[in-house]
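Chains as they are written, first to last, in the working numbering: chain R, 145 to 484; chain L, 106 to 1026. Ideal Cβ placement from N, Cα and C applies to all residues, glycine included. Each remark here refers to the structure printed beneath this line.
Right, here's the structure in full:
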């Protein structure tokens, strides 16, 4: 009896499989949901398998898995397809663990393949340049120049150039790129999974929000653009006449920035109130703060949404605010190498 | 029997299962490709099962009764079905691979083409109506166009694109067609141009850098700043300025840096305004408000021209649409699609230009006319939509299906109804916009110690203030721009008119403040108008009793309410706008005067009107330039010419007239000795004397010599109405005179000899040359190239390598001219494939030395009329390798009477004697 019935099991299985396919073909919402989840699981699996190799600092094995990942992706489509994000994240993880030249060399081919897939991504050029730097400095510098053209303000490429110039004892090279680094304004980094306060991490945007007496945040955020490396009076008109006890400054810096806060001016119809650093208190979410004679310096940590809180006595009927400050990039090498 | 039946049933069931499995697997594969395979692709879930079922049924019904009615203009493309499969095989890369196809011309001839799918959105490829792109062969262009794009017709897109075309924005021209692929109608499509160098040339724009930015969907660059105004790495070139490296983005970086710096610095902001043509950008913004098309934002649909000749950065309308939010009737005149517009919208002169454009477009009924044009072809659209599978299947119903079995046709009015509703909503938006502009502006005034204040609130400005005084009247009044209670140098006193009434001819706008009310909005901040005050000082503190003002758009007059308002002082870029000059009040300046000896040790950029006195000599240091940005009157005399010369042995750079503020400049009796060329910020100068983007210029009695390093002695680009009389150029390094993209250029009494390349080189220009001697040019005496038009009258071309070369869709009419001892007299040919044709020359009553010195290619034609060749009289002769009817009609249309009329209109004398051949110089 049992054996008589068991012969129907394959038929049942086939019918079930067919039913499953038909179900997925017809029920488009479920299909989309299942596909999406499967792909997420696939990417997670790939990254997880590489993680275990990286924990053991087994870069050859990690490189092999990354290579398989890329090969698999090419079976679907030769250029940039949906797997690119996963491959990039997995490579980024591997590159972040690489310390020695040997580590980078194991990953060299992966970096090259990433550039072949999309040569407009910043990081692979820096990683590839790092890997090449032991035997082809010229080519390495070429890739670093490309990286700088892609995102001129990001520091990784400059840091790599400084490392090369330090090793090759080439102060001219270091100085040349130090000048470019400190004066570069453009470029930014858009995190893969969330926006920052200003879309990306960048050095040219910040915002102010006035805080009034009752500490209710009624005033709007007033965005502004930074002018790097100079004393700049930033002027703001509030959207309504306001009493102020202080303000918050918001930044999402791309690299380490130093803000030298010097003076604050409040304008009412009949009077201008001038505040020195002795008249204010300053705190922050994660930055570090240092006083000097006439300046409060705030050291912003890169790639963090930052709030700087400045408070003082109350001023009434304010129609304009001026903040005198100097925003500059922090050094990425000492002056002996990085002569400007 | 029973067993057979059982087996048959089993077989049928298995076959059914197999078929349904294959179908289901195909659906799964397609959906995976559609929604998951492309990089950063987000698609809503889609019911392919139902879609395929409906489209298959509709196809069968369409095939049952063929509808041969003539709809929109048909475009027939042919592509092998296997090629279509290959295009969809490994998306997204496979969609970009060109396949062989065919194109049916209007005369029923067939051309080979390359064809592929268009765009990065999988939605463009996987449905019945696909987005196509074709590329014709270089020698089979249609109206100088090689690349064509075909996208499914959307009324909003088409209307928006047509509005952009009509108001003069740079945008691809659109054509409504019915697309047939392999003889099967695909329904209604929009045929449009591809943005590339050919597009630029057709738009009369030099071959320059055209940048594309798409930090979205498949084109997203991982972890890169997506605000394109801060991200040069995210932009790529789709057309190139060929004098710099393909990867060079220095122009873009210059713009972006300047943009950043100008946010806190007025000098930099003025520099920014110099390079963006405020007129054009305000017109672009007006278009955005009118069409509610804001999806050319900071991260996508970003197309920007960088023109090193005009010096302007110019946005192009790409992927137009009309996006009316019917749930929100609030009019926002300050909506800014990207950061540049956000900055400009704070500027009162930009606001003024923008609102003027909106008002004039609304008054012109341009939009209504575009809608009427579309309604006129509604019947044709309906016929073509009747063959549109997607249109029909989107309105699928069983009842219609049942009826179609009897009638043999399946019809829907879905799109027609949608269009009607849309037109109604859009016209309502247009009407609301007009009402909004014509609202009574919100404004007050109030007396203060030394004068009075006016307050402006909301978006609509106030204009033409009329002050009434009851007793004694002040002698003057002034706007206290810096509120320091006294008249400063830049503050203009306003005096009463001849009727003793005070009218203040300015417009006053409320401040626009950039703000975000939530942190999430810091990504895309908005603008808010706030009550803004303007203070006036009056003579002897005499105050008016009442003030009237005007809405500048409705022209209605109101009286200002007397009431104090808590208002903000006007912010830096929100100064009152002069109604007459449309400039801010405080930028009026006196002319600068140059006299005697001027030492130029650094580049001079002159932003004031300039007078150069006779006898003035400029000693210019190596590589330094003098750039005039305002009108110049340089009146030398024969005895005391004005001289621009080298300070040392080394060549100076350029003397340039840059921009339309130099209109009406005059240079008489001027010597230019030893220039070269140069670059200033984003502007390239290839001439010792450079005339860029200006009009109505007079150059008389000019001597030029000894230039080096750069292409031209005199370079004229984007110019109009230039009169050059008596110019002598000797030993130019390359071309003596180079004229690009310019109209109505007259050259008279020119003597040009020993040019290193051409004596006169034309590109996309129309030029009359008369009474001139062009001798000993190393290349051509005159190169009539790239869609140019030349009349050459009464001139001598002697001992040049080539006398006249007419090329690339150009036409030259030569009359009463001697061509002697040139290696080649005439050479007509196709050089640049983008123009699709060779040159046509008509030679009338002229003298040639030897007929063997005439060369043409198979795309060109030369006609001789009443001329002598080697002393032999030729009454009429046409030299052509194939009788091109188009060339014959060009020759017939440009007859002697027409040319004589053109010349006489310009006061140019023709050689009187009717039997005289050649020049009488």
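Is it right to say residue i is buried, meaning 16 or more other beta carbons lie within 10 angstroms of its own, or is it exposed?
{"i": "residue 615/L", "result": "buried"}
{"i": "residue 204/R", "result": "exposed"}
{"i": "residue 841/L", "result": "buried"}
{"i": "residue 398/L", "result": "buried"}
{"i": "residue 895/L", "result": "buried"}
{"i": "residue 483/R", "result": "exposed"}
{"i": "residue 197/R", "result": "buried"}
{"i": "residue 480/L", "result": "exposed"}
{"i": "residue 734/L", "result": "buried"}
Straight-line CA distance for residue i to residue j?
{"i": "residue 257/L", "j": "residue 236/L", "result": "7 Å"}
{"i": "residue 159/L", "j": "residue 487/L", "result": "20 Å"}
{"i": "residue 835/L", "j": "residue 809/L", "result": "7 Å"}
{"i": "residue 337/R", "j": "residue 363/R", "result": "30 Å"}
{"i": "residue 458/R", "j": "residue 705/L", "result": "55 Å"}
{"i": "residue 130/R", "j": "residue 279/R", "result": "Residue 130/R is absent from the structure shown; chain R starts at 145 and stops at 484."}
{"i": "residue 914/L", "j": "residue 387/L", "result": "35 Å"}
{"i": "residue 354/L", "j": "residue 323/R", "result": "19 Å"}
{"i": "residue 757/L", "j": "residue 813/L", "result": "9 Å"}
{"i": "residue 157/L", "j": "residue 209/R", "result": "40 Å"}
{"i": "residue 263/L", "j": "residue 279/L", "result": "7 Å"}
{"i": "residue 510/L", "j": "residue 163/L", "result": "11 Å"}
{"i": "residue 194/L", "j": "residue 155/R", "result": "33 Å"}
{"i": "residue 249/L", "j": "residue 940/L", "result": "5 Å"}
{"i": "residue 543/L", "j": "residue 390/L", "result": "19 Å"}
Got a sec, what are the start and stop residues for the alpha helix (DSSP H) residue i sits in?
{"i": "residue 1029/L", "result": "Summary: the structure shown does not reach residue 1029/L, with chain L confined to residues 106 through 1026, and so no result is reported for it."}
{"i": "residue 312/R", "result": "300-312"}
{"i": "residue 384/L", "result": "383-396"}
{"i": "residue 490/L", "result": "483-490"}
{"i": "residue 186/R", "result": "172-199"}
{"i": "residue 655/L", "result": "Segment 651-655 is the beta strand (DSSP E) holding residue 655/L; no alpha helix (DSSP H) there."}
{"i": "residue 323/R", "result": "315-327"}
{"i": "residue 153/L", "result": "153-169"}
{"i": "residue 74/L", "result": "With chain L covering only 106 through 1026, there is no way to say anything about residue 74/L."}
{"i": "residue 512/L", "result": "503-512"}
{"i": "residue 204/R", "result": "203-220"}
{"i": "residue 633/L", "result": "Taken as a continuous stretch (DSSP letters only), residue 633/L belongs to no alpha helix (DSSP H), being part of the beta strand (DSSP E) at 631-635."}
{"i": "residue 375/L", "result": "371-379"}
Got a sec: does the ligand SAH put a non-hydrogen atom nearer than 7 Å to the Cβ of residue i?
{"i": "residue 681/L", "result": "In the structure on display, the ligand SAH does not appear, and there are no ligands present to speak of."}
Going by DSSP, what residue range makes up the beta strand (DSSP E) through residue i?
{"i": "residue 715/L", "result": "715-717"}
{"i": "residue 116/R", "result": "Outside the displayed span of chain R (145 to 484) sits residue 116/R, for which this structure offers no information."}
Sequence ranges, alpha helix (DSSP H) only - wholly within the region 236-317 of chain L, length at least 4: 260-271, 302-307
Interface residues of the region 615-637 of chain L facing chain R [CB-CB below 7 Å]: Those would be 616, 618, 619, 620, 621, 622, 624, 627, 628, 630, 633, 635, in chain order.
Interface positions of the region 109-140 of chain L facing chain R (Cβ-Cβ less than 8 Å), listed along the chain: 122, 125, 126, 128, 129, 130, 132, 133, 136, 137, 140
Residues, ordered as in the chain, of the region 143-167 of chain L that lie near chain R by beta-carbon distance below 9 Å: 143, 144, 145, 146, 148, 149, 150, 151, 152, 153, 154, 155
Where the region 650-676 of chain L meets chain R: residues whose CB sits under 8 Å from a CB there: Result list: 671, 673, 674, 676.
Residues in the region 367-381 of chain L having any Cβ partner in chain R nearer than 8 Å: 368, 369, 370
Residues, ordered as in the chain, of the region 185-197 of chain L that lie near chain R by beta-carbon distance below 8 Å: 195, 196, 197
4-residue-minimum alpha helix (DSSP H) runs that sit fully inside the region 415-469 of chain L, ordered along the chain: For the region 415-469 of chain L, the full-length alpha helix (DSSP H) segments reaching 4 residues or more read 444-449, 453-469 along the chain.
Beta strand (DSSP E) segments (min. 3 residues) lying fully within the region 418-480 of chain R: 425-428, 432-435, 440-444, 450-462, 464-473
Within the region 700-784 of chain L, ranges of the beta strand (DSSP E) (whole runs, at least 3 residues): 702-705, 709-711, 715-717, 722-725, 731-733, 737-740, 747-751, 760-763, 771-778
Interface positions of the region 260-277 of chain R facing chain L (Cβ-Cβ less than 8 Å), listed along the chain: 262, 264, 265, 266, 267
Residues of the region 226-248 of chain R whose Cβ lies closer than 8 Å to any Cβ of chain L, in chain order: 226, 228, 229, 232
Near-chain R residues of the region 283-312 of chain L (beta-carbon distance less than 9 Å), N- to C-terminal order: none
Within the region 349-403 of chain R, ranges of the beta strand (DSSP E) (whole runs, at least 3 residues): 349-355, 365-369, 375-380, 386-395
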